[in-house]
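The structure appears below as structure tokens.
There are 2 protein chains.
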Amino acid sequence: MTQDGRRAKGLRSREAILGQAVALASVEGLGGLSLGRLAVATGLSKSGFFAHWRDKEQLQLDAVGWAVRQWRERVIAPALGAPAGVRRLFALHEARLAFYAGRVLPGGCFFFAVQAEFDDHPGAVRSRVAEALRGWEAFIRRLVEEAVELGELSPEVNPAQLAYEIDALGDMVVTHSRLLDEHEILGHARRAVLQRLRALCPDPSLLPED
Amino acid sequence: MTQDGRRAKGLRSREAILGQAVALASVEGLGGLSLGRLAVATGLSKSGFFAHWRDKEQLQLDAVGWAVRQWRERVIAPALGAPAGVRRLFALHEARLAFYAGRVLPGGCFFFAVQAEFDDHPGAVRSRVAEALRGWEAFIRRLVEEAVELGELSPEVNPAQLAYEIDALGDMVVTHSRLLDEHEILGHARRAVLQRLRALCPDPSLLPED
DNA sequence: TAGATAAACGACCGGTCGTTCGTATAGTCT
DNA sequence: AGACTATACGAACGACCGGTCGTTTATCTA
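Listed in order, the protein sequences are those of chains A and B. For the first sequence, our numbering begins at 74 and goes up steadily by one. For the second sequence, our numbering begins at 74 and goes up steadily by one.
What follows is the structure, given as structure tokens:
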């Protein structure tokens, strides 16, 4: 319980480095993440890293963990502020779009970049990323099921199917908004999910019209 | 017009190399595409490449061009075999899913990998990729407009909006099918577009039920 | 105060990267 | 036959990569 100034400083360093690493990886990917450049970005020396992580893979794994926490705080938590049901489902979609539009990460989305990079590279990092993705899909599915149970979505809805649709319509914003017209793409992504939910909702007045 | 055996051989080499490059880049990305590994995969020497391309960027640009041609042959052309309208639109979606499911490229999709990689890296490659993406989106949009003109889609349909949805629902298959259950994801992607089109189509019998 | 410990550093290693250069070979043209 | 040219090669380069090592500095503990 004694407060060790040394360990506290180390913890601060780790957190700062992981934040930078996630931001950098959202642009360059976890593989293109060079320890040298990361050192420059954090004002530390390259060799100093190995006091905190055994090798690059450990840093990558911790970066995934850090990104999961960030996603929970910036996307999931805000959505949980909305009332359960179809409104919470749409709030989740909007929170995600806001995360992208707000340029929280310079590359848009850590997970998108890392999924595209590691889907064909078996290993510990891929396993963690797949686990995070499964958790995310399961979370959306649960919100769908909640909405069905509350009678706010048609009972004929297939939760896994709708979860895939919502996720896909949001995911594609990351690259397309950077290669095409950002404002237009964000509008398409928002309206696509909104109209889909309104069509399935017995009481569309729960959701904005447009 | 005289057939030069030397140039013919060079052309064959270039085509073989570009095919390998596109396949490799669908896994590693265009940046992670190492000339050394590419040389081994094609049975040539690394230095021999520079007889064909000034530098790596030229090779990358040609690889994008090759991938565009491949996409036209393997996805767009088959779809054009279907009658214009909503059936052609769905045939396009199915041809794309077949391209992924058939493992034509080991990484699933060249464009997906390259878009994720270059959306934040300005330069000639990014410009070409963005141009290819604009062309692809415009193509889907045109098929939507055709279907509307033929009365096979509700006149209230926003073509750009629907094109985004179809593209997004197909795009996300690339990573998700590799990180989750492939068969399930393919089913979600297929059914999502199918049901969306059937709901907008005055004569749903034009499309399969499921 | 002396010893232990954690954080961070500079110098350096072997390996791979993209690229250059000089050269050999084989097909084409005059 | 001789000049020319496209293809391809081996050797070598400078830059950068992930990672190791020994050391210094600051802090905590006995």
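Ideal Cβ placement from N, Cα and C applies to all residues, glycine included.
Coil, strand or helix - residue 194 of chain A by DSSP: Assigned with DSSP and collapsed to three states, residue 194 of chain A falls in coil, not helix or strand.
query: Looking at the unbroken alpha helix (DSSP H) that takes in residue 249 of chain A, where does it start and where does it end?
result: Boundaries of the alpha helix (DSSP H) harbouring residue 249 of chain A: 246 to 252, taken from the DSSP string.
- prompt: What is the DSSP secondary structure of residue 81 of chain B, counted as helix, strand or coil?
  reply: In the structure shown, residue 81 of chain B sits in a helix (DSSP, three-state: H, G or I).
message: Please report the straight-line C-alpha distance between residue 149 of chain B and residue 194 of chain B, rounded to a whole angstrom.
response: In this model, residue 149 of chain B and residue 194 of chain B are separated by some 28 Å (Cα to Cα).
task: Could you run through the stretch 170 to 200 of chain A and flag, in chain order, every residue whose CB is less than 9 Å away from some CB of chain B?
output: Here the close residues are 179, 180, 181, 185, 186, 188, 189, 190, 191, 192, 193, 194 and 199.
query: What is the C-beta distance between residue 217 of chain B and residue 226 of chain B, in whole angstroms, given that I count them as a contact (C-beta under 8 Å)?
result: So it is a contact: roughly 7 Å between Cβ atoms.
query: Can the beta-carbon of residue 259 of chain B be found less than 9 Å from the beta-carbon of residue 163 of chain B?
result: In this structure, residue 163 of chain B does not lie closer than 9 Å to residue 259 of chain B by Cβ.
- request: Anything in chain B within Cβ reach of residue 206 of chain A, meaning under 9 Å, just list it in chain order.
  value: Residues of chain B passing the Cβ test: 248, 249, 252 and 253.
task: Identify, in the order they occur along the chain, each residue of the same chain with its Cβ nearer than 8 Å to the Cβ of residue 118 of chain B, setting aside the five sequence neighbours on each side.
output: Contacts found: 112.
task: Can you grab the Cα-Cα spacing for the pair residue 156 of chain A / residue 212 of chain A, in whole Å?
output: The straight-line gap separating the alpha-carbon atoms of residue 156 of chain A and residue 212 of chain A is approximately 16 Å.
query: From residue 74 of chain B to residue 80 of chain B, what does the alpha carbon distance come to, in whole angstroms?
result: Residue placement at residue 74 of chain B is flagged as unreliable, the pLDDT there being 44, under the threshold of 50; the coordinate-derived value follows with that caveat. Going from the Cα of residue 74 of chain B to the Cα of residue 80 of chain B covers about 12 Å.
task: Assign residue 74 of chain A to one of three DSSP states: helix, strand, or coil.
output: Confidence at residue 74 of chain A is low in this model, with a pLDDT of 45, below 50, so the placement of that residue is unreliable and no value is reported for it.
message: For residue 169 of chain B and residue 208 of chain B, what's the separation of their Cα atoms in angstroms?
response: Rounded to the nearest angstrom, the two C-alpha atoms are 16 Å apart.
- request: Could you tell me whether the Cβ atoms of residue 132 of chain A and residue 189 of chain A are closer together than 9 Å?
  value: In this structure, residue 189 of chain A does not lie closer than 9 Å to residue 132 of chain A by Cβ.
field: Boundaries of the alpha helix (DSSP H) in which residue 109 of chain B is found, first to last residue
entry: Taken as a continuous stretch (DSSP letters only), the alpha helix (DSSP H) holding residue 109 of chain B covers 108 to 115.
- request: Can you have a look at residue 77 of chain A and say buried or exposed, based on whether 16 or more other CB atoms are within 10 angstroms of its CB?
  value: Exposed is the call here.
field: Within chain B, the residues that residue 100 of chain A reaches when beta carbons sit closer than 7 Å
entry: Result: 193.
task: Could you confirm whether any beta carbon from chain A is found closer than 9 Å to the beta carbon of residue 242 of chain B?
output: It does: the Cβ of residue 242 of chain B has a partner Cβ on chain A nearer than 9 Å.
- prompt: In terms of residues, what are the limits of the alpha helix (DSSP H) holding residue 169 of chain B?
  reply: From DSSP, the alpha helix (DSSP H) with residue 169 of chain B extends over 159 to 174.
query: Helix, strand or coil for residue 180 of chain A per DSSP?
result: Look at residue 180 of chain A here: in three-state DSSP terms it is coil, with no helix or strand label.
query: So, is residue 160 of chain A buried or exposed, given that buried needs 16 or more other C-beta atoms within 10 angstroms?
result: Residue 160 of chain A is buried by the Cβ-count criterion.
- prompt: If we cut at 9 Å on Cβ distances, does residue 264 of chain A have a partner in chain B?
  reply: Contact of residue 264 of chain A with chain B is assigned, a C-beta pair being separated by under 9 Å.
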